Amino acid sequence: MPSIPYSKKVMDLFLNPKNLGEIENPDAQATEGSPACGDMVQLQLKVNKDTHVIEDIKFKSFGCASNIATASIITEIAKGKTIEEAKNLKYSQVVDELGGLPAVKVHCSILAIQSLKRAIENYEEKNGLVPKDKPTDEALIKERLRGVIDPNTGRDLVGSKLLSKIDFVDGKLTIYLNLKDTNQFANAIKEEIVEKFEYRWDVKSIDVVFLD
Amino acid sequence: MNRIYFDNAATTKVDDEVLKAMIPFFTQNYAIASSIFSHEDGLIAQEALESARAFILDKLNAKDYRCIFTSNPTESNNLALKGIAFSKKKGNIVISKIEDLSIINTCRFLQKKGFEIRYIGVNNEGLVNLNELNNLIDDNTILVSIQHVNQEIGTLQDIISIGEICKQKNCAYHCDATFSFPFFDIDLSKYNIDLLTIGSDTYYGPKGASALIAKNSIELEPLITGGYQEYNLRAGTQNIPAIVGMQKAIEIFDKKIYDYIKNLKDYFLEKINQIPHIRINSPKMSHPGIVNVTFLFIEGESLTLRLNLRGVSVITGSACFSKSLEASHVLLACGLTHELAHGSIRFSFGKFNTLKEIDQTIEYLKEDVAFLRNLSPLYKED
Numbered sequence: 163m164p165s166i167p168y169s170k171k172v173m174d175l176f177l178n179p180k181n182l183g184e185i186e187n188p189d190a191q192a193t194e195g196s197p198a199c200g201d202m203v204q205l206q207l208k209v210n211k212d213t214h215v216i217e218d219i220k221f222k223s224f225g226c227a228s229n230i231a232t233a234s235i236i237t238e239i240a241k242g243k244t245i246e247e248a249k250n251l252k253y254s255q256v257v258d259e260l261g262g263l264p265a266v267k268v269h270c271s272i273l274a275i276q277s278l279k280r281a282i283e284n285y286e287e288k289n290g291l292v293p294k295d296k297p298t299d300e301a302l303i304k305e306r307l308r309g310v311i312d313p314n315t316g317r318d319l320v321g322s323k324l325l326s327k328i329d330f331v332d333g334k335l336t337i338y339l340n341l342k343d344t345n346q347f348a349n350a351i352k353e354e355i356v357e358k359f360e361y362r363w364d365v366k367s368i369d370v371v372f373l374d
Numbered sequence: 011m012n013r014i015y016f017d018n019a020a021t022t023k024v025d026d027e028v029l030k031a032m033i034p035f036f037t038q039n040y041a042i043a044s045s046i047f048s049h050e051d052g053l054i055a056q057e058a059l060e061s062a063r064a065f066i067l068d069k070l071n072a073k074d075y076r077c078i079f080t081s082n083p084t085e086s087n088n089l090a091l092k093g094i095a096f097s098k099k100k101g102n103i104v105i106s107k108i109e110d111l112s113i114i115n116t117c118r119f120l121q122k123k124g125f126e127i128r129y130i131g132v133n134n135e136g137l138v139n140l141n142e143l144n145n146l147i148d149d150n151t152i153l154v155s156i157q158h159v160n161q162e163i164g165t166l167q168d169i170i171s172i173g174e175i176c177k178q179k180n181c182a183y184h185c186d187a188t189f190s191f192p193f194f195d196i197d198l199s200k201y202n203i204d205l206l207t208i209g210s211d212t213y214y215g216p217k218g219a220s221a222l223i224a225k226n227s228i229e230l231e232p233l234i235t236g237g238y239q240e241y242n243l244r245a246g247t248q249n250i251p252a253i254v255g256m257q258k259a260i261e262i263f264d265k266k267i268y269d270y271i272k273n274l275k276d277y278f279l280e281k282i283n284q285i286p287h288i289r290i291n292s293p294k295m296s297h298p299g300i301v302n303v304t305f306l307f308i309e310g311e312s313l314t315l316r317l318n319l320r321g322v323s324v325i326t327g328s329a330c331f332s333k334s335l336e337a338s339h340v341l342l343a344c345g346l347t348h349e350l351a352h353g354s355i356r357f358s359f360g361k362f363n364t365l366k367e368i369d370q371t372i373e374y375l376k377e378d379v380a381f382l383r384n385l386s387p388l389y390k391e392d
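Chains as they are written, first to last, in this note's numbering: chain A, 163 to 374; chain B, 11 to 392.
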């Protein structure tokens, strides 16, 4: 019988998710994605005030099987870690823990990571631990582009060398990609890039140029 | 495990009688169709091909038309659109927003080649606005292409009125009838249709056969060049076993099949009400076997995967390939929100399905929908 393109681990968590539900009086929470995108994750945390260790974490999810599985696994990975440790988790670790994800589904792991980071930010804001906002520079732009997945390959724009050039002059941001504008996912990638920078205080306009 | 196949709008099982008619053309009469000056084997093939052509033209009451055999409806649609466009060289094409991708992406291609594409909107049932059509056609319109039955929600367009408008405006009309023929009668002596696409594998015929029925007066440029087959409009060896199968599938299709499938759909529509928070996206006037349903608060791909594990084959209008990829263009054009489009499932019934299979599926749905709603941050218990 031909098999579904998901690992055994993904299917196990899809059918029997761990840490499902809500926490009463959570110390922090975040909801990332939106039902309009067909992808949404809600995370709630209980954090030890003295040690900053995540003592409990629960999720709810609206999305496909890999969305449910990535949300479930991130609760297992984060539980017992300090918020500093949890902040440094990479999407590739999530993908590895799941025994791999199909290329077009890797973006789900980004959403899970984002949800966790946002929940931690929520905790830091509530507890006066927020770092000051830095101006946009090439390092920050690249960092954010590492959070955009090319569904053709399942790799982020920087790692996959899809990113050709970055121009950031007088608040005008232009991203050049080594991709044809006729690619099935060109528009989706563009929208995601815009989403990453549209609320940056020092970015006035965003343009994505498809080369080739 | 016996699977429950509710994806008959995608393709159907080949009827045994159809298969029986095809087999001799693989094993005995396998020659290619050829002219009277070649050999006996080629003539047998030629006769089968021409008799299928005559049968189909007669079935559609198509007196001044050619029946151009192609490999599938996508190719027929390409031949209609590109064939006219390349022949006319410039102008605009009018299509509805809910056409099949074989129309929509072919129009995008033609747009890049310099043709203007005009899109007509639809109402919440998927019906095109005839006033808008009337206004969109002008002297530069070379073709209107509006389907008969929609592939996702089953909407049945008023192709008689559409044909009338095109005739008044003196512009060619192409109708993609892939999902309607032979479920609905099409009489080309009465309807003003210049080009008609029909398939084979959605009514128990084989894959590999389709036809573009084209009025003699319509000039087309061929897309495939080579030999002199199919009125010099489609070069290449004809797929005679498939064409013979297509003819047989049309011959044995009757009103009883329509009624049987319609009864399955009505039964399903009655039973599905046992599940709360649903929205039926298919209008009353629609294909007898197509039902599109949105299960609120959940995403379609999760539900189809759970049903698949139970042995039920259905498809969803949600495509979770990337964070911002659009949901079904058909449902969005009908005014559904992205959220509702993402939770949509198409059930399409066929003559090999049973009421028992529907009962079983409803039981699976009750459990799987409840499980996924329990997971969903959007769902709050009543």
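Where is the CB? At the ideal position from N, CA and C, for every residue including glycine. Source: prediction; values computed, not measured.
Which same chain residues, not among the five before or five after residue 373 of chain A, have their C-beta less than 7 Å away from its C-beta? 326, 338, 339, 340
Which bits of chain A does residue 388 of chain B rub up against, with CB to CB less than 8 Å? 197, 202, 224
Which word fits residue 25 of chain B, buried or exposed, when buried means at least 16 other C-beta atoms lie within 10 angstroms of its C-beta? buried
Within this structure, are the beta carbons of residue 187 of chain B and residue 79 of chain B separated by less than 8 Å? no
Distance between residue 31 of chain B and residue 364 of chain B (C-alpha atoms, nearest Å): 26 Å
Nonlocal neighbours in the same chain, by C-beta distance under 6 Å from residue 136 of chain B, ignoring five residues either side: 108, 160, 163, 165, 344
Collapsed DSSP secondary structure at residue 194 of chain B in the structure displayed: coil
Tell me whether residue 334 of chain B is buried or exposed, calling it buried when 16 or more other Cβ atoms sit within 10 Å of its Cβ. In this prediction, residue 334 of chain B has a pLDDT of 47, which is less than 50 and means its spatial position is unreliable; nothing more can be read from the coordinates.
Under 9 Å Cβ-Cβ, which residues of chain A neighbour residue 347 of chain B? 197, 198
Cross-chain neighbours of residue 230 of chain A in chain B, by beta carbon under 7 Å: 312, 385
Specify the secondary structure class of residue 202 of chain A as computed by DSSP and reduced to three states. strand
Is the stretch 120–133 of chain B touching the stretch 230–238 of chain B, taking contact as three or more C-beta pairs under 8 Å? no
Quick one: which residues of the stretch 278–290 of chain B get their C-beta closer than 8 Å to a C-beta of chain A? List them in chain order. none
Got a sec: is the Cβ-Cβ distance from residue 308 of chain B to anything in chain A below 8 Å? yes
Starting from the C-beta of residue 321 of chain B, find all residues in its chain whose C-beta is less than 8 Å away, skip the five residues before and the five after it, and write them out in chain order. 11, 12, 13, 14
Would you kindly work out how many angstroms separate the C-alpha atoms of residue 219 of chain A and residue 234 of chain A, rounded to a whole number? 10 Å
Residue 372 of chain A (DSSP reduced to helix, strand or coil): strand
Identity of the residue in B:125, B:155, B:17 nearest residue 96 of chain B by Cα: B:125
Looking at the C-beta of residue 374 of chain A, does it have a partner C-beta in chain B at a distance below 8 Å? no
Residue 327 of chain B to residue 289 of chain B span [Cα, whole Å]: 14 Å
Looking at the secondary structure, which residues open and close the beta strand (DSSP E) in which residue 217 of chain A lies? 216–224
Let me see if you follow: with CB-CB separation under 8 Å, is residue 184 of chain B close to chain A or not? no
Distance, residue 265 of chain A Cα to residue 332 of chain B Cα: For residue 332 of chain B, the predicted model reports a pLDDT of 48, less than 50, meaning its position is unreliable; a value from the coordinates is still stated below. Taking the straight line joining both Cα atoms gives about 10 Å.
Using three-state DSSP, classify residue 17 of chain B as helix, strand or coil. strand
Let's test the definition: count the other Cβ atoms within 10 Å of the Cβ of residue 240 of chain B and tell me whether it reaches 16, buried, or not, exposed. buried
Interface partners of residue 248 of chain A on chain B, CB under 8 Å: Result: empty, since nearest Cβ-Cβ is about 20 Å, beyond 8 Å.
What do you reckon, are the CB atoms on residue 87 of chain B and residue 113 of chain B nearer than 8 Å? yes
What is the DSSP secondary structure of residue 336 of chain A, counted as helix, strand or coil? strand
Would you mind stating whether residue 291 of chain A and residue 203 of chain A have Cβ atoms separated by less than 8 Å? no
Taking only beta-carbon positions, decide if residue 315 of chain B is within less than 8 Å of chain E. Here the protein chains are A and B, and chain E is not one of them.
The beta strand (DSSP E) spanning residue 75 of chain B covers which residue range? 75–80
Is residue 337 of chain B close to chain A? Criterion is C-beta to C-beta, closer than 8 Å. yes
Could you tell me the distance, in whole angstroms, from the CA atom of residue 305 of chain B to the CA atom of residue 28 of chain B? 37 Å
Residues of the stretch 352–363 of chain B with a CB closer than 8 Å to any CB of chain A: list them in chain order, please. 352
Considering only their Cβ atoms, is the gap separating residue 236 of chain A from residue 179 of chain A smaller than 8 Å? no
Examine the Cβ distances between the stretch 306–317 of chain B and the stretch 369–382 of chain B and report whether three or more of them are shorter than 8 Å. yes
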